[in-house]
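In the numbering used here, the protein residues as written are 1 to 1227.
Here a beta-carbon is modelled for each residue, glycine too, at the ideal position from N, C-alpha and C.
None of these values were measured; they are calculated from a predicted model.
Beneath this line is the structure, given in structure tokens, with notes to follow.
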């Protein structure tokens, strides 16, 4: 057998090559520049370091007390408050909301802008006009509504009558009312106003519609056992009102929330009371609002609700410049600067210079440094603490309010210079001297060629060369710059200045000086660089200052340019700051001082911008429209800066870890914010990752200690804090908790009590809950009330293999907040289309009417935006364009880039379940179809498979076909087969189908030691039945539930066919949908179906309409349509029996609401803890999510995985296939 190209290899570097159907992974091997797979060799492959994409994946919300009566409250905030109140009182995480509009009212637009996800509550919003209130769909929506939104309820009798007929009692109504309009008094039996928030001339009222009255039992106290006892004695028709102190005792709200979801004794209300004088909890009369949770905060009635936390922007006098997203200059921003370490001389910066290297790092042309420094500027001028005016150079971060500089790289500012003058000098002249005197030997009378003479480096180099009486040649990009240079340097000759953007400068200069120049300073690229090197004289030196900045440039150096004993040097000015180059630094300091004294080092021309105009400064540099330096004025009176953590290098931070992955990332963030003393409390073994981090931190001068103690004992906490204080005053305590960890409420209570006594300088106290953990709330609320730092934040489950930058960002934001309890949730933001993002990035205008053939250049694309577009496509879409190609990109080309990315669109209706009709009528009706996996081909017959192998058996849903699973199976590490129900048994029950499948599988000996089953949609119910039967026979295994939990199947089906209110409408819809799947163009069957009274007649009408237009036989089409309806009807009747299986259940859940409820429902079907993987893919496309194959492989037995690793998985074919076929001549 001859091997074909291998579809799978593993090594360090890799990328995915895609065609329209089947991805194949080709990975780098042997060296970083080669890629080899199955006879294909690709060379000269250079990996590029791409900047990280910064996405706001998480939103931060704070738990706050909101009074029932509010003024000047934004409508959006009010709606979010009301939605949470409604959800906790209807005891659901998903509410149905109906808007009844007359065409006006701002509240309706705000509801649409609010989105479908409000702090974890799914809002299904539908809007109808009151004129269509008699419509069946409108009436049904109101009957099923939890919340109705109207305008002017108090003055509209028609709306009141409509709601009285249709809306269920104890539901809720939001009404937008005009404050100045007199409203009649409505009876409380009709509705009661629970909360009212006003803004301007209107207000929003939340009303409970037709509230029911019940007898009330009041119980005061906070002990769980007493409350449980009181509920058990409660009459089924009574309401239990619990009075407790505010904040609520730990677990009390969760207990009440659970009781309210039970079928009996569920009328439980919790009233939390806080009085400043500490008086009794007893009330003269409980409020008559019958709400689940009510708070009386010092006499003000309200409730606790989550509110969005605003971005923390504040005025600061200590800021530094950073870019939010590399590649987008518009994201440049000022942030609070961390406290600096004590090395170097502190200087208050007045002016900072930015250069082309800063621009290239900000727009993504150059990667950030290895340590990820995201700060800009290299030179500055300012004043020391003693009042001395200085100018100097630092490696990075000069665009800051305060810097610390080495004394060897500081120079006093001459008395006749201003600080603005001084800021133009250090980097430009130091760079020029570094090139001319340290990297080459400039002598009097030499000839020098300097490219870009109008720039800062060019002006400085020209000034130095003229001071050495050299013959100077230079280039500029236009005539205005040429005239500018001749005016600035009268010694220059006009025929010594060429065009930097044309290769003609070589002929010009060599005609003037045929022997060439002794020193060439080149900032060119491409062919211009080669022309520059050709201008070097015998024994001359070419100094390339641009090569390291243009890392994407493919440049082949010609050895011809090394003839005549010429030299070529790549200049890296940043290497000057390496400790080994101290002698060069001292020499540079001497040369600069001497140049200032002799007068040839003098201030350069410049353009100065204020801090708010930093983006303009970078754009000016990016477009090369500057002459000389570009400066930033740093001492603005008011600078708005993004707040972030600031850590004192002398203080200690204690990090308590239940798990080390996210805790180490937090430690790294603290180090980046200035922390230099860490005390890590960890109860596990010191991992290799922790050891590696500690070694790196110690190299950075960070003092790290690791220990473990039982912190449930107060004396151990005292010992921990004493050790921390010995390292330095304790500044922060952070506890990373997990569900099964040791950081309990008792531990945080001990940390709180001891820190109050021993840690007066404590700035941060933060229990950080990851996933389902929830501890520390009571402690943080108590600390906040005592005016002490305390922040409990809950993060969603994190992927430990990712950087978790979004989680660290929201954590940092939370720690700077004054709120005690915060929760971060995954953001539900709709991604803007590619054209919108490019328009925002570049400032050009693109409308729906813009012709698709219009180029970006025609739309006004500026030169300084070209590199940003290149970086954007490279980072976000893995597409590379050159600088020449970007202006010529058309709207159509850009749209094609977006179309190539496969993003799954949510599908509603019958298309969720029925999306494919197999053109192969024979293949569609056989019982078992084998699909290609990494271990087997799909050409295998049902009598040819290896019975010694374990197979994955897939049970499809109502579609009943194998095609949906083809892509999923290609990445599996075991053989896979699909069990097809066929078309001749459409009315089979789940149990009957399971028994039939089991008999087929056992007859063919599919199962070896254990079974693997996968069910999709209704196939989940069949797979669980098969597992139950096999367990009775002594087998155990794993069942994968793809899409949803079994108990959700019915509700998902009902939701997707809810628009068909009668059986006839459903039948018509099925016929139309299936016919449209079978023909290429949509078929209008409405007229044909009107004359069909029975189901067989409807099917026949559909088949007749398709004759001559479909590639199927009429019999096949007739059977397929009939089977589709029969399967839908069967699925609607089916109930999933709860069987506690011994097998492992793994759910790969589509993007559906109520994740936690689904997990709990699935747990009823297994004795073992179920495993849930939440996917972001809609149900209709979940089988195409490539993560599914990875999840299935993850839960295979080690024996299967080991066998796969040893297996030769190359495809093969039979060399002598003809010998296996014998045709008899007598036949």
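Would you say residue i faces chain D, with C-beta separation under 8 Å as the test?
i           : result
residue 746 : Any reference to chain D falls outside this structure, which holds one protein chain only.
Starting from residue i, follow the beta strand (DSSP E) in both directions and report where the run begins and ends.
i            : result
residue 983  : Here residue 983 belongs to no beta strand (DSSP E), and DSSP marks it neither H nor E.
residue 953  : 952-955
residue 98   : 94-101
residue 208  : 202-209
residue 405  : 402-405
residue 607  : 606-610
residue 62   : 58-67
residue 825  : 821-826
residue 1073 : Residue 1073 -> not in any beta strand (DSSP E); alpha helix (DSSP H) instead, spanning 1063-1078.
From the DSSP output, in three-state form, read off residue i for me.
i            : result
residue 792  : strand
residue 366  : coil
residue 715  : helix
residue 727  : helix
residue 1134 : coil
residue 634  : coil
residue 1245 : Nothing about residue 1245 can be reported from this structure: the residues present for the chain run from 1 to 1227 only.
residue 28   : Unreliable placement is indicated for residue 28, whose pLDDT of 39 sits below 50; the coordinate value is still reported in the next sentence. Correct three-state label for residue 28: strand.
residue 301  : strand
residue 1276 : Since the first residue of the chain shown is 1 and the last is 1227, residue 1276 is not available in this structure.
residue 671  : helix
residue 389  : strand
residue 351  : strand
residue 466  : helix
residue 191  : strand
By how many angstroms is the C-alpha of residue j removed from the C-alpha of residue i?
i            : j            : result
residue 419  : residue 391  : 8 Å
residue 803  : residue 665  : 8 Å
residue 168  : residue 147  : 10 Å
residue 24   : residue 265  : Model confidence at residue 24 stands at a pLDDT of 35, short of 50, so the residue's coordinates are unreliable and nothing is read from them.
residue 488  : residue 479  : 14 Å
residue 236  : residue 292  : 17 Å
residue 359  : residue 322  : 12 Å
residue 325  : residue 794  : 26 Å
residue 1207 : residue 1155 : 38 Å
residue 348  : residue 397  : 13 Å
residue 144  : residue 96   : 7 Å
residue 160  : residue 68   : 23 Å
residue 61   : residue 307  : 5 Å
What is the residue span of the alpha helix (DSSP H) that residue i lies within?
i            : result
residue 752  : 745-758
residue 531  : 527-534
residue 1102 : 1095-1106
residue 1198 : 1198-1206
residue 1040 : Here residue 1040 belongs to no alpha helix (DSSP H); instead the beta strand (DSSP E) covers 1037-1043.
residue 992  : 990-1003
* Any chance you could list the alpha helix (DSSP H) runs of at least 4 consecutive residues sitting entirely within the region 239-275, in chain order? => 252-260
* Count the CB pairs spanning the region 608-625 and the region 857-864 that are closer than 8 Å, and state whether there are at least three. => yes
* Count the CB pairs spanning the region 671-679 and the region 753-773 that are closer than 8 Å, and state whether there are at least three. => No contact exists between the region 671-679 and the region 753-773.
* Asked: How do the region 759-772 and the region 785-801 stand: do at least 3 beta-carbon pairs fall below 8 Å, yes or no?
  -> Segments in contact, yes.
* Do the region 584-592 and the region 444-452 touch if we need at least three Cβ pairs shorter than 8 Å? -> no
* Would you call the region 119-138 and the region 91-104 touching, i.e. three or more CB-CB distances under 8 Å? -> yes
* At 4 residues or longer, and completely inside the region 1143-1184: list those alpha helix (DSSP H) runs for me, N to C. => 1155-1163
* What residue ranges within the region 108-176 form continuous beta strand (DSSP E) runs of no fewer than 3 residues, ordered along the chain? -> You should have 121-129, 147-151.
* Asked: Touch check for the region 430-442 and the region 619-639: three-plus C-beta pairs under 8 Å?
  -> no
* Asked: On the three-pair Cβ rule with 8 Å, is the region 452-464 touching the region 603-611?
  -> Look at the beta carbons and you see the region 452-464 touching the region 603-611: at least three pairs across the two are nearer than 8 Å.
* Asked: Which full runs of the beta strand (DSSP E) of 3+ residues lie inside the region 492-523, going along the chain?
  -> 497-499, 517-522
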